[in-house]
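In our numbering, the protein residues as written are 78 to 991. Idealized CB from N, CA, C, for every residue including glycine. Small disclaimer: the values here were computed from a predicted structure and weren't measured.
In structure tokens, the structure reads:
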């Protein structure tokens, strides 16, 4: 027998069995089964494991993943590092070998630290990429099971359904109304109908209807296929290999900081040239002034801001996983903090998504159901009495219909019940099992799948000498297509009173917050299966309506309240009926008085609908197209919109939204691929937690940028004023580099890890175009930088004026600048709160960074091997006392001001203003 396709992606294509070499589309299904040594029961688990070892993982080459040599080389590509290399060359040229060695050592140390930090961030992103690996359903050992797509091997039998993304190149073996969107591969705009028939060997890719290609989306029906190629041997992999990579994109915030860096670089050049010229005019050596100019240029610019932001965003994305929000694009982490509107689904997001049939309305009288929703144990009640299911054949007929028109599976495994499939369908299966209904599913002849426009689903089965169509769907939709009704086991024509009674029962269930599904059936004559849904889905016999409980999540109301306090509007959009939406909205303290069914809002003008949305409308029976319209309307009003979705048709709205959020549990592959964030628990509270995390990250980026700028301004002012005053150099070039490239980086990164302030969600969202630095921030940065300069200059002047202290003047000023900067970093732990309110010890990483920085400075002062490099001399306890006395006010004064403002704000919120 021919061996299966390739053991690596390349070998799959080169051994004569890859997608280019074997005409899988032209071969009969039995031949393909034989070739891969498989069949309707799939591979055995042992064979699959052996083939995985032999053929490798089913994954494309990750060209965006940063290899460590590239990451290390990148540390030396920054313009400022290249400037420092020039400084090394100048130092060697003028014979300053110690300075040259010191600057070179600082460059290497900075590269090592940068590499370590970025490597950590890259590992965090790699962990996220691994978490994003989706699963698929395969048949192995005759059982359906979920496996990672990476574990697929040639010969696996894969099950496809609407919403899946095809995990490998498949030769289809059976299909039911299967349609695929192949635009990403072939450019074909319309979905392609698939079938298992062989096609001509020379047919083009787009015409090979017996194949489903890796990366294409299943938009209708269901089917199964044999894996014929994986990884880079697939058609998608072949194109990826030719296309290479376009590289990763910077986030908007990174681009803003890059622009800030360029402006500061121009400023640095101007300032450095002026100071160097002033020093030279004052009679200082040109070589000394050249090194000073280079050092000042480095001091003005906060080095590698975009890289630091990448690290913070990457580590923040890893932190979001702890809140059950998996970030697919780094841009989402910064945009989240600016979200002003969250448009959310109801089912499974605001509610628990644990569906349980509790009520069955039947024309002959209602029945209630008890028992849990995850196991087939419970009783049926009529008029308060337990009844046997067999006493109500009309109920059994409704339960049979719900179980037949269904893709969920209920199985007993290792002594425990396991249900797989969509939650609503699973609830119907369990209800049928509680009644002992064994559907003994006949062969499916045709299927007309559910979608948000049809709001119904039908399946056609063999039934005796003919066929039977079974439908489930929205009650008003099913009722509209019904001409008969089943009552007490008798089918009779439906009359207006029946319609009114049915609608009244449906609305009563919905008003209690129950989801509602009607079931109906129609007998058809023998012959070809119907192909026209509209023609087949007429003349139905209404069987009953199921009321399905799905209570709100316990944490949802608190999350809604938190969003409201944060100035974020929550708009509930659901496909359920208006009464159901109103009942759930009321329980969640959403504006239940303004519930609009699609019939109420579809014909509204954009201006009128925008006003309704602004007032907090809840939208019922909404379609994915409505979601797209709502996103665009809100964006036109200047809102930053987060939109949730789980279905195939939700993908356009998820892409259009500023933040697309897909459901990780019940969401389709298509929705997840279109989203920026995937919720691992489908929980609305996780969205609000992720928004808080996004606000925290943006605030922390503001903190470390402002800290770095205030420190650098202080250094530049100190050097400039000393030169203009005609005094000696207060800071040597190598000392400036030591401060900027060694000591400041630790503290800045630690600020990026600061926990959020307690009132983080008590403020309205920031403006989407808000910068890192506004006018007030610049004033604060300038004031703090000014104090740093004056403090260091004051000590420098005092020591120079005292003959016994003059030798230590430069070391004292150098050390004072670093100690003041470490006091100053505490100011930026919180932009509004006093640090004491956060807890002085709450950011242990920052305390470690400060301790490490001060430890390095002690080494710089007292270690004999560093003294000649950094031109330092030992300091006395008195020197340290003076340094601390000058340094403390830069923290104590701002802290006192924040304390006063904080107390006044609290009094104002409590209604008392002193």
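Could you check where the beta strand (DSSP E) with residue 593 kicks off and where it finishes?
592-601
(request) Tell me, please, whether the segment 494-502 touches the segment 655-665 by the rule of three or more beta-carbon pairs shorter than 8 Å. (result) no
Quick one: what's residue 646 bridged to in DSSP?
DSSP, once it has assigned bridges, lists 418 as partnering residue 646.
Practice item. Give the range of the alpha helix (DSSP H) segment to which residue 913 is assigned. Key: 912-915
#### Entry: residue 615 (DSSP reduced to helix, strand or coil)
Residue state, collapsed to three classes: coil.
(message) Less than 6 Å between C-beta atoms, sequence neighbours within five positions excluded: which residues of the same chain meet that for residue 216?
(response) 119 and 234
Subject >> residue 998 (DSSP reduced to helix, strand or coil) >> reply: Residue numbering for the chain in the displayed model covers 78 to 991; residue 998 lies beyond these limits and cannot be assessed.
**Report entry** In chain order, each alpha helix (DSSP H) run of at least 4 residues that lies wholly inside the segment 394-442
**Finding:** Considered as a whole, the segment 394-442 harbours 408-413 as its complete alpha helix (DSSP H) runs of no fewer than 4 residues, in chain order.
* To do: Would you tell me roughly how many angstroms separate the C-alpha atoms of residue 808 and residue 890, rounded to the nearest one?
  => 8 Å
Cβ neighbours of residue 971 in the same chain (closer than 6 Å, five flanking residues each side left out)
904
Suppose the cutoff is 8 Å on Cβ atoms and the five residues either side in sequence are ignored; what does the same chain contact list for residue 472 look like? Closer than 8 Å at the Cβ level, and outside the excluded window around residue 472, lie 437, 439, 444, 457, 466, 512 and 621.
| Tell me which same chain residues have a C-beta within less than 6 Å of the C-beta of residue 762, skipping the five on either side of it? | 632 and 636
Anyone know if the C-beta pair for residue 951 and residue 938 falls short of 8 Å? It is a contact, given that the beta carbons lie within the stated cut-off.
Distance between residue 549 and residue 674 (C-alpha atoms, nearest Å): Using only the alpha carbons, I get a separation of about 20 Å.
- Item | Bridge partners - residue 196, DSSP secondary structure assignment | Paired residues: none, contrary to the question.
For residue 289, which beta-bridge partners are listed by DSSP?
247
message = Are the CB atoms of residue 713 and residue 653 within a distance shorter than 8 Å?
response = no
Cα-Cα separation, residue 700 to residue 606
Straight-line Cα distance between these residues: approximately 29 Å.
Original post:
Thinking just about the alpha-carbon of each residue, which of 408, 422 and 874 is nearest to the one in residue 416?
Top reply: 408
Leaving out five residues on either side along the sequence, give the residues of the same chain with a beta carbon under 7 Å from the beta carbon of residue 912. Excluding sequence neighbours, residue 912 sits near 903, 906 and 972.
DSSP three-state call for residue 721: helix, strand or coil? Residue 721: strand per DSSP, three-state reduction.
For residue 71, does the three-state DSSP call read helix, strand or coil?
Because residue 71 is not part of the residues shown, which for the chain are 78 to 991, the question remains open.
Within a Cβ cutoff of 7 Å, which residues of the same chain sit near residue 474, ignoring the five residues on either side of it in sequence?
563 and 620
Backbone secondary structure at residue 173 - three-state DSSP
coil
Checklist entry - Cα separation between residue 583 and residue 419? => result 29 Å
Quick check: the Cα distance between residue 927 and residue 908, rounded to an integer number of angstroms? 19 Å
Item checked: Three-state class that DSSP yields for residue 807 in the structure shown -> Correct three-state label for residue 807: coil.
Does the separation of the CB atoms of residue 558 and residue 601 fall below 8 Å?
no
How big is the Cα-Cα spacing for residue 137 and residue 245? Straight-line Cα distance between these residues: approximately 11 Å.
Checklist entry - Quick one: is the Cβ of residue 848 within less than 7 Å of any heavy atom of the ligand MG? => result Among the ligands in the structure shown, none appear at all, so the ligand MG cannot be discussed.
Helix, strand or coil: how does DSSP classify residue 228 here?
-> helix
### 4 or more residues per run - each alpha helix (DSSP H) lying fully within the segment 475-526
500-511
Would you kindly work out how many angstroms separate the C-alpha atoms of residue 752 and residue 772, rounded to a whole number?
20 Å
Alpha helix (DSSP H) runs wholly inside the segment 851-888, at least 4 long, in chain order: Taken in chain order, the complete alpha helix (DSSP H) segments of 4 residues or longer contained in the segment 851-888 are 852-878.
Quiz prompt | Residues sharing a beta bridge with residue 257, DSSP | solution = For residue 257, DSSP records a beta bridge to 269 and 295.
- prompt: Can you tell which of 247, 547, 507 and 503 has the C-alpha that lies nearest to the C-alpha of residue 522?
  reply: 547
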